[in-house]
Ligand code: SF4
């Protein structure tokens with residue numbers, strides 16, 4: 232059978248729409264790629280997938296029926312890793328799930344299931360790191376602003392956490408890498424795109440953008456951090472295992 | 473708020489609070505209400521780590537380091553020549569809110585030296601928590617220290633605002649306490665702990681009947697013991713710990729290796745090493761008691777009063793009980809799986825899941841993530857290969873230590889992963 236290459240728009244719905252197609256047409260020799268990251272087509276027929284919410288929903292509901300509890304989110308987590316080729320791993324996994332009579336989300340002796348679980352775990356870890364390391368700075372227009380450059384696309388995963396926590400202040404968390412952010416406007420969270428000012432340097436708290444108080448609180452926090460250390464217990468290795476160096480940029484106390 | 477004054481106080485009062493190792497912010501059930509600030513449900517988050525690898529999750533400070541007592545092991549003791557400071561109630565409230573809004577912290581851990589008397593001090597701690605809850609609509613985490621000797625009435629009120637309450641026993645035996653803190657009375661520690669325990673029980677049973685019953689100290693109580701200051705054996709320490717878990721339903725007991733801070737000759741000299749490895753072994757034992765189904769006496773008893781430092785307590789137990797092994801991975805029950813050295817609780821669950829689909833062999837076990845270097849001497853699986861030699865406990869220990877040298881040398885903190 233001829234090979235098919237499905238190209239979708241990069242969204243999760245788009246991906247699920249592609250999955251729908253695979254099952255509808257019983258495609259076997261098939262690969263799925265996002266628009267922005269396609270391999271050169273060689274001997275495959277390329278087809279653009281149209282994103283259709285109701286189809287995506289049907290796939291998602293079908294998956295939910297197939298398993299116990301929250302395991303289905305593993306697939307979403309893995310998807311957000313944006314790893315090259317993750318779609319095909321997911322496809323493999325989803326086929327296996329639909330074909331099995333019993334729930335198999337936890338059958339780690341299946342290589343695709345294990346791989347997806349591992350990727351989902353990495354994404355989950357990044358989610359937790361961002362929930363921990365986001366540092367808001369109060370801007371002169373009264374918004375608590377934070378920027379991040381996470382390894383994976385975790386904004387959709389951390390949105391709820393911050394919405395529940397900071398329900399009485401306006402805030403923005405901006406992903407500089409993927410150039411979009413979350414904005415909480417005291418009512419709900421929305422996706423936004425910003426054009427940041429030329430001279431906006433995220434690692435310096437300039438009073439051009441941030442309040443005077445902001446600098447003072449950052450200093451208080453730094454002092455606090457330095458005071459809680461117990462020198463005779465120093466353990467550098469352990470320290471770096473908890474906070475790998477690439478995350479230090481978020482933490483004003485380490486600057 | 474005057475930043476300079478607060479800055480000065482913060483340095484002194486954070487420094488004095490750092491010897492309390494608890495920084496947990498988990499286990500509460502406080503939801504964000506009325507679009508207020510904060511949320512204390514779920515896991516608790518470490519927002520940073522100190523250079524000694526400890527989690528920074530709470531703003532941990534003393535309200536004041538003035539104290540009328542003279543406990544030998546404490547930097548805040550009356551006779552110590554140090555700078556003293558005291559926060560105003562409002563200053564603590566402001567700092568907490570401002571740090572919280574910036575996502576620096578999960579909440580506040582407020583302790584204090586005892587000034588004037590127990591109630592006077594406790595009253596002020598409660599005032600901070602009350603303000604945060606009632607005036608700031610703050611739903612983040614609050615941990616208050618119960619001041620030994622505080623009245624029942626204040627303790628009852630404290631639990632209405634705090635998520636967790638703790639009284640630090642500090643010295644694991646009555647005789648040790650007598651020696652190092654002669655003007656303190658053991659019963660003064662027990663009284664607030666007991667009151668809070670009873671209130672928790674009462675509120676929980678009322679909540680079952682009347683849904684609107686307020687939550688009372690939802691994250692429970694904890695305590696801390698200093699290790700290596702007063703000569704107790706590991707056996708004594710864990711007996712005490714077990715007693716507190718059972719009798720007062722504590723959520724956590726913390727073990728804190730004594731950091732020498734005094735020239736007092738009743739105590740280890742300044743410059744002596746902090747017993748961090750020992751502290752880690754105690755935490756491992758604590759874990760075995762609480763999550764792995766061990767009874768404390770299986771690990772420590774009159775014959776074995778001290779934990780081995782070179783191997784973890786589970787391995788040590790297994791080596792003393794070789795007659796319980798080998799265990800068949802594919803048929804053993806959960807209780808026995810949890811007793812295999814090199815198998816953590818997560819792996820136990822994974823094994824139980826995975827073996828529903830197929831019989832597990834070494835390759836599967838490796839993928840599941842168990843430490844075969846240790847486990848292999850204690851198990852069989854779906855394979856012709858297994859340890860056939862008739863090895864003694866000494867042999868096995870030698871073989872394991874040879875392979876895992878570096879790992880044991882770096883096991884230096886309670887926050888390292890415990891068994892897997
Ligand atoms: S009462 Fe508390 S603060 Fe005061 S000296 Fe004793 S341990 Fe330290």
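Residue numbers (my numbering), protein chains in the order written: chain A, 232 to 486; chain B, 473 to 892. For glycine and all other residues, C-beta sits at the position ideal for the given N, C-alpha and C. Treat the numbers as computed from the prediction; the structure is a model and nothing was measured.
Expected contact under 8 Å - CB spacing of residue i and residue j to nearest Å
{"i": "residue 543 of chain B", "j": "residue 616 of chain B", "result": "So it is not a contact: roughly 20 Å between Cβ atoms."}
{"i": "residue 853 of chain B", "j": "residue 802 of chain B", "result": "6 Å"}
{"i": "residue 508 of chain B", "j": "residue 398 of chain A", "result": "6 Å"}
{"i": "residue 564 of chain B", "j": "residue 459 of chain A", "result": "About 16 Å; that fails the 8 Å criterion."}
{"i": "residue 406 of chain A", "j": "residue 380 of chain A", "result": "7 Å"}
{"i": "residue 310 of chain A", "j": "residue 243 of chain A", "result": "6 Å"}
{"i": "residue 383 of chain A", "j": "residue 313 of chain A", "result": "6 Å"}
{"i": "residue 531 of chain B", "j": "residue 571 of chain B", "result": "5 Å"}
{"i": "residue 343 of chain A", "j": "residue 830 of chain B", "result": "Actually they do not touch by this definition, with Cβ atoms about 16 Å apart."}
{"i": "residue 592 of chain B", "j": "residue 666 of chain B", "result": "Wrong, their Cβ atoms sit about 21 Å apart, outside the cutoff."}
{"i": "residue 705 of chain B", "j": "residue 821 of chain B", "result": "Not quite, the Cβ-Cβ distance comes to about 34 Å (not below 8 Å), so this is no contact."}
{"i": "residue 641 of chain B", "j": "residue 661 of chain B", "result": "6 Å"}
{"i": "residue 478 of chain B", "j": "residue 369 of chain A", "result": "That belief does not hold up - the Cβ atoms of residue 478 of chain B and residue 369 of chain A are roughly 17 Å apart, past 8 Å."}
{"i": "residue 517 of chain B", "j": "residue 362 of chain A", "result": "6 Å"}
{"i": "residue 611 of chain B", "j": "residue 504 of chain B", "result": "5 Å"}
Chain B within 8 Å of residue i, Cβ atoms only
{"i": "residue 275 of chain A", "result": "no"}
{"i": "residue 375 of chain A", "result": "yes"}
{"i": "residue 337 of chain A", "result": "yes"}
{"i": "residue 476 of chain A", "result": "no"}
{"i": "residue 441 of chain A", "result": "no"}
{"i": "residue 317 of chain A", "result": "no"}
{"i": "residue 466 of chain A", "result": "yes"}
{"i": "residue 395 of chain A", "result": "yes"}
{"i": "residue 240 of chain A", "result": "no"}
{"i": "residue 400 of chain A", "result": "yes"}
Simplified DSSP state of residue i, which is helix, strand or coil
{"i": "residue 808 of chain B", "result": "helix"}
{"i": "residue 377 of chain A", "result": "strand"}
{"i": "residue 853 of chain B", "result": "coil"}
{"i": "residue 366 of chain A", "result": "coil"}
{"i": "residue 382 of chain A", "result": "coil"}
{"i": "residue 406 of chain A", "result": "strand"}
{"i": "residue 249 of chain A", "result": "helix"}
{"i": "residue 482 of chain B", "result": "helix"}
{"i": "residue 905 of chain B", "result": "Given a span of 473 to 892 for chain B in the structure shown, any question on residue 905 of chain B remains unanswerable."}
{"i": "residue 426 of chain A", "result": "coil"}
{"i": "residue 502 of chain B", "result": "strand"}
{"i": "residue 262 of chain A", "result": "strand"}
{"i": "residue 520 of chain B", "result": "strand"}
Close beta carbons around residue i, own chain, < 8 Å, minus the five adjacent residues each side
{"i": "residue 875 of chain B", "result": "845"}
{"i": "residue 723 of chain B", "result": "499, 636, 691, 692, 693, 694"}
{"i": "residue 482 of chain B", "result": "533, 567"}
{"i": "residue 275 of chain A", "result": "233, 234, 235, 236, 262"}
{"i": "residue 306 of chain A", "result": "294, 321, 324, 325, 347, 351"}
{"i": "residue 494 of chain B", "result": "581, 615, 638, 694, 696, 724, 726"}
{"i": "residue 740 of chain B", "result": "700, 701, 730, 732"}
Contact with chain A by residue i, beta-carbon distance below 8 Å
{"i": "residue 563 of chain B", "result": "no"}
{"i": "residue 761 of chain B", "result": "no"}
{"i": "residue 674 of chain B", "result": "no"}
{"i": "residue 878 of chain B", "result": "With a pLDDT of 46 at residue 878 of chain B, under the threshold of 50, the modelled position of this residue cannot be trusted; read the value that follows with caution. Not one chain A Cβ lies under 8 Å of residue 878 of chain B."}
{"i": "residue 570 of chain B", "result": "yes"}
{"i": "residue 891 of chain B", "result": "The pLDDT assigned to residue 891 of chain B is 45, lower than 50, so where the model puts this residue is not dependable, and the model offers no usable value."}
{"i": "residue 701 of chain B", "result": "no"}
{"i": "residue 479 of chain B", "result": "yes"}
{"i": "residue 475 of chain B", "result": "yes"}
{"i": "residue 642 of chain B", "result": "no"}
{"i": "residue 520 of chain B", "result": "yes"}
{"i": "residue 486 of chain B", "result": "yes"}
{"i": "residue 525 of chain B", "result": "yes"}
{"i": "residue 816 of chain B", "result": "no"}
Neighbourhood of residue i by C-beta distance below 7 Å, restricted to the same chain and skipping five residues each side
{"i": "residue 629 of chain B", "result": "598"}
{"i": "residue 561 of chain B", "result": "596, 599, 600, 603"}
{"i": "residue 425 of chain A", "result": "405, 412"}
{"i": "residue 538 of chain B", "result": "556, 558, 585, 587"}
{"i": "residue 583 of chain B", "result": "489, 492, 534, 617"}
{"i": "residue 550 of chain B", "result": "539, 540, 541, 542"}
Contacting residues, own chain, Cβ-Cβ under 6 Å from residue i (five flanking each side not counted)
{"i": "residue 349 of chain A", "result": "none"}
{"i": "residue 302 of chain A", "result": "336"}
{"i": "residue 764 of chain B", "result": "810"}
Near the ligand SF4, which residues have their beta-carbon closer than 7 Å to a heavy atom? Ordered by chain, the residues meeting the criterion of a beta-carbon within less than 7 Å of a non-hydrogen atom of the ligand SF4 are B/539, B/541, B/542, B/543, B/546, B/548, B/549, B/550, B/585, B/586, B/642, B/653, B/656.
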